[in-house]
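Novice: Start counting the sequence shown at 585; every next residue gets the next number (our numbering).
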Amino acid sequence: MEHTLFVIGKLFTTVLALVIAYQAYRGYQRHHTQLLLYVAAGFALVGLGGLLEGVLFELLQVSIFEAGFVAALVTAAGMLSILYALYAPNP
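Okay, here's the thing in structure tokens:
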């Protein structure tokens with residue numbers, strides 16, 4: 585049961601991050617603001633980082649350490665993208 589709740593939690597978090605990424609991308613299309621594209625990419629990476637950990641561990645039988653490390657790198661890249669969008673000068 586704990587494993588199922590963990591998977592549901594990961595999927596829920598991934599879906600939320602991808603919905604936010606989609607909305608940010610729609611904002612980019614409407615306003616052509618480059619920084620919204622960085623926000624969209626960042627949230628997509630954050631969401632996919634969590635999903636990637638489960639895929640690597642459950643399906644590809646990678647160790648939990650390696651799967652977590654790869655997921656952390658992808659999530660960190662997403663956070664850096666969002667951070668750049670927050671601090672970059674608006675053109």
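Here a beta-carbon is modelled for each residue, glycine too, at the ideal position from N, C-alpha and C.
1. DSSP three-state label for Leu629, please.
2. Would the beta-carbon of Lys594 fall within 8 Å of that of Leu635?
3. Please go through the same chain and pick out, in chain order, the residues whose beta-carbon is closer than 6 Å to the beta-carbon of Thr659, but skip the five residues on each side of it.
4. Where Arg614 and Glu586 are concerned, what is the direct C-alpha to C-alpha distance, given to the nearest angstrom?
5. Excluding the five sequence neighbours on either side, which residues of its own chain have a C-beta within less than 7 Å of the C-beta of Gly652, listed in chain order?
6. Which residue from Gly611, Met663, Val654 and Glu642 puts its Cα closest to that of Phe590?
7. According to DSSP, is Thr588 part of a helix, a strand, or is it coil?
8. Let me check understanding here. Comparing Cα to Cα, which of Ala608, Val603 and Ile592 lies closest to Ile666?
9. Just verifying my parser: in three-state terms, what is the DSSP assignment at Gln645?
Specialist: Put simply:
1. Mapped onto the sequence shown, residue 629 falls at position 45. Looking at Leu629 - three-state DSSP - the assignment turns out to be helix.
2. One-based indexing of the sequence shown puts residue 594 at position 10. One-based indexing of the sequence shown puts residue 635 at position 51. Their beta carbons are under 8 Å apart, which means Lys594 touches Leu635 by this criterion.
3. The residue given as residue 659 occupies position 75 in the sequence shown. Excluding residues within five positions, the ones whose Cβ falls inside 6 Å are Val630 and Gly633.
4. Translated into the one-based positions of the sequence shown, residue 614 becomes position 30. Translated into the one-based positions of the sequence shown, residue 586 becomes position 2. If you take the alpha carbons of Arg614 and Glu586, they lie about 42 Å apart.
5. Looking up residue 652 in the sequence shown gives position 68. Excluding the 5 residues flanking it on each side, Gly652 has same chain C-beta neighbours closer than 7 Å at Glu637, in chain order.
6. As a first step, residue 590 must be located in the sequence shown, where it is residue number 6. Ranking Gly611, Met663, Val654 and Glu642 by Cα distance to Phe590 puts Glu642 first.
7. As a working note, residue 588 is residue 4 in the sequence shown. Thr588: helix per DSSP, three-state reduction.
8. Translated into the one-based positions of the sequence shown, residue 666 becomes position 82. Nearest option by C-alpha distance: Ala608.
9. The sequence position of residue 645 within the sequence shown is 61, counting from 1. Looking at Gln645 - three-state DSSP - the assignment turns out to be coil, as it is neither helix nor strand.
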